[in-house]
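Shown next as structure tokens:
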């Protein structure tokens, strides 16, 4: 398991097992790094890692870097589905269209 370091500027030297394969476009906390790292998955299934600064971690429910006491990183994966809702291609129907 990852131990938080004071400085993650060496992001390119880290090894990630997180994969964007079969994931919707969006932002995903990486529990392997205690959610201090999150990944942006693009439409090609490519992963772009990002670091939350100043001892914060990625709050998957709200998809922001947040104080660690506001989010339990071990629960991050249960919120991954929110990316599917946020970046869905079909807009919600208007109330008039459902009549």
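In full-length UniProt numbering, the protein residues as written are 1 to 99.
No residue lacks a Cβ here, since even glycine has one placed at the ideal position from N, Cα and C.
- Distances from the alpha-carbon of residue 27 to those of 20, 39 and 16 put 39 closest.
- Inter-residue distance for residue 11 and residue 58 is about 16 Å (C-alpha atoms, whole angstroms).
- Annotation: the continuous beta strand (DSSP E) that includes residue 56 extends over 56–59.
- For the 8 Å CB-CB criterion, residue 33 and residue 60 do not form a contact.
- Assignment of residue 41 by DSSP, reduced to helix, strand and coil, places it in the strand class.
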